[in-house]
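Per our numbering, residue 10 is the first one in the sequence shown, and the count goes up by one each step.
Using N, Cα and C, we set each Cβ at its ideal position, and we do this for glycine too.
To keep things clear, I will list the structure first and then write my remarks on it.
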Amino acid sequence: MAREFKGRVVAPGSVTAEALVSRGGFNTLASYQMALMFGDKKVKCGDQNNSDLYKKSMIGKALCLPETIGSTTGGMVLYTACAMGKQPACMLFSKPIDSLAASGAILAANWTDAEMPVIDNLGEAFLDYIKDGMTVTVATDGSVTVE
């Protein structure tokens, strides 16, 4: 049975992808460092402190997260991942996105050919409901359907 959630559009777009879920904060630099510096084509999460995502491929997935944490380089890391074609299909946040991550997503949407819709404020019910492997469809109005 499908369930719909409504959030705020940070970076526009529409996509359907498989969910990859983290219940903890997403450290953008730690998660992407190996993929961006050493050419990991599967873009496996390198953050040892995130047991939900560690060593799982993030490329082309619907990353479902509460929030980003950590480095002030988070926005630049997201922008660089998009510029290199190593971005997730979308990023979906239960909480409000922080300004650094938002800036990277907005710059990527405007300055690269990458498509990576970003929706925040989806609520705790979203993160309680979503599980790895579910199909997520993001609409341009910020609606997120989970099946």
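Sort the options by Cα distance to residue i and report the nearest one.
i    : options                : result
E124 : G34, V153, V147        : V147
S80  : Y41, L116, L72         : Y41
W120 : A44, A11, A20          : A20
M43  : S66, D122, M100        : S66
E156 : G22, S60, A98, A26     : A26
R32  : G151, F102, V153       : F102
V18  : T154, L45, N130        : N130
G22  : P126, T154, G132, E133 : P126
Can the beta-carbon of residue i be found closer than 8 Å to that of residue j?
i    : j    : result
F35  : L74  : yes
L87  : T37  : yes
V24  : A98  : yes
G83  : T89  : no
G55  : A39  : yes
G113 : G16  : no
V158 : A11  : No statement about residue 158 is possible, as the shown extent of the chain runs from 10 to 156 and does not include it.
I68  : K95  : yes
K64  : K53  : yes
F14  : G132 : yes
M85  : L45  : no
A110 : C91  : no
Can you name the residues that DSSP bridges to residue i?
i    : result
F47  : According to DSSP, F47 bridges with nothing at all.
S152 : K15
A26  : V145
A98  : In DSSP, A98 forms no bridge with anything.
L72  : L29, M100
K53  : S66
Specify the secondary structure class of residue i as computed by DSSP and reduced to three states.
i    : result
S31  : coil
L38  : helix
T121 : coil
T89  : helix
L131 : coil
I78  : strand
The ligand COA heavy atoms versus the CB of residue i: any closer than 7 Å?
i   : result
P21 : In the structure on display, the ligand COA does not appear, and there are no ligands present to speak of.
Requested in this report: Pair every Cβ in the region 133-141 with every Cβ in the region 106-117, then say whether three or more of these pairs are closer than 8 Å.
Outcome: no
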